[in-house]
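S.K.: Got a structure for you, questions after.
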Amino acid sequence: MSRTIKEPNNPMPKEWKASELSQNFIADYKAFNFVDGEGVRCSLYVSGCKFMCPGCYNVVAQNFHYGQPYSQELEDQIIEDLSKDYVQGLTLLGGEPFLNTDVCIQLSRRIRKEFGHTKDIWSWTGYTWDELQVETEDKLELLSLIDVLVDGRFLEAEKDLTLQFRGSANQRIIDVPKSLAQDEVVIWDKLVR
Ligand code: SF4
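Here the numbering used here is used: the first residue of the sequence shown is 1, the next is one more, and so on.
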């Protein structure tokens, strides 16, 4: 008897639009953590994701209505937390940041305004780099504001808990500015495994 292996959803280009899906809800905010990228980080978990990866690490945040609305108070708190010398930067994850672009772009722009490039911005996404290149304008704008992108769905079949900052071997840690400049994926130069 064959067993059906469930796969994540695979959207057509521009099929999923933040303008139609996002409720601008936040599942969680964690200041001063050490696990969502390099250094001490502040992590914003946005609500809503349609990839539905079997084995997703944060199933509740697949719901676009989960949690609380993003607020100016939260944004001001994040900026204050990021201003600490020992904080390296912000991490966007979820849920799917690229289906919550209003919140993520607004916050990322403010970080660039307040801190320039002295704080870095990491983001996780279920989209692959190639998929994002043919996606909607808002997704491309968010990509242009990010320093490091961990791309691709979580795939149970390629699960590997020994990997740096990612759950399955198909996912990559990408240097976004270098990749945009060279028009091809450039892997983060501090990759160990
Ligand atoms: S892309 Fe990430 S948040 Fe979305 S279902 Fe997959 S593992 Fe979960």
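Beta carbons are placed, not taken as given, at the ideal position from N, Cα and C, and that holds for glycine. As the structure is a prediction and not an experimental result, all values here were calculated from the model.
List the residues that DSSP assigns as beta-bridge partners of residue 151.
M.R.: Paired residues: 172.
S.K.: Could you tell me which whole beta strand (DSSP E) segments of length 3 or greater appear in the region 2-34?
M.R.: For the region 2-34, whole beta strand (DSSP E) runs of length 3 or above, ordered along the chain, are 25-33.
S.K.: With 16 as the cutoff for other CB atoms within 10 Å, does residue 97 come out buried or exposed?
M.R.: Buried, since its Cβ has 16 or more Cβ neighbours within 10 Å.
S.K.: Could you pull out every unbroken alpha helix (DSSP H) segment of at least 4 residues lying fully inside the region 101-164, listed in chain order?
M.R.: Counting whole runs of 4 or more residues, the region 101-164 contains the alpha helix (DSSP H) stretches 101-115, 129-133 and 137-145.
S.K.: Based on the DSSP output, what are the partners of residue 187 in its beta bridges?
M.R.: 174, per the DSSP bridge assignment.
S.K.: Could you tell me if the beta carbon of residue 11 falls within a distance shorter than 7 Å of some heavy atom in the ligand SF4?
M.R.: Because no heavy atom of the ligand SF4 lies under 7 Å away, the Cβ of residue 11 does not count as near it: no.
S.K.: Could you name the residues, in chain order, whose CB is less than 5 Å away from a heavy atom belonging to the ligand SF4?
M.R.: Result: 49, 51, 53, 56, 126 and 154.
S.K.: Between residue 128 and the rest of its own chain, which residues show a CB-CB distance below 6 Å, the 5 nearest in sequence each way excluded?
M.R.: Counting only Cβ-Cβ distances below 6 Å, and skipping sequence neighbours, we find 151 and 152.
S.K.: What span of residues does the beta strand (DSSP E) with residue 88 cover, start to end?
M.R.: Unbroken beta strand (DSSP E) run through residue 88: 87-93.
S.K.: Have a look at the DSSP bridge pairing and note the partners of residue 194.
M.R.: Since the first residue shown for the chain is 1 and the last is 193, residue 194 is missing from the structure and cannot be characterised.
S.K.: Comparing C-alpha positions only, which one of 156, 173 and 136 sits nearest to residue 13?
M.R.: Nearest C-alpha to residue 13: 136.
S.K.: Consult DSSP for residue 47 and reduce its assignment to one of helix, strand or coil.
M.R.: Note: residue 47 maps to coil in three-state DSSP.
S.K.: Starting from residue 40, follow its DSSP beta bridges and name the residues at the other end.
M.R.: BP columns for residue 40 point to 87.
S.K.: Where does residue 54 fall in DSSP's three states?
M.R.: It is coil, neither helix nor strand.
S.K.: Using only alpha-carbon positions, find the residue among 95, 78, 103 and 141 that is nearest to residue 114.
M.R.: The candidate whose alpha carbon is nearest that of residue 114 is 78.
S.K.: Taking the CB atoms as reference points, tell me whether residue 92 and residue 119 lie closer together than 8 Å.
M.R.: Cβ distance not < 8 Å, so residue 92 and residue 119 don't count as in contact.
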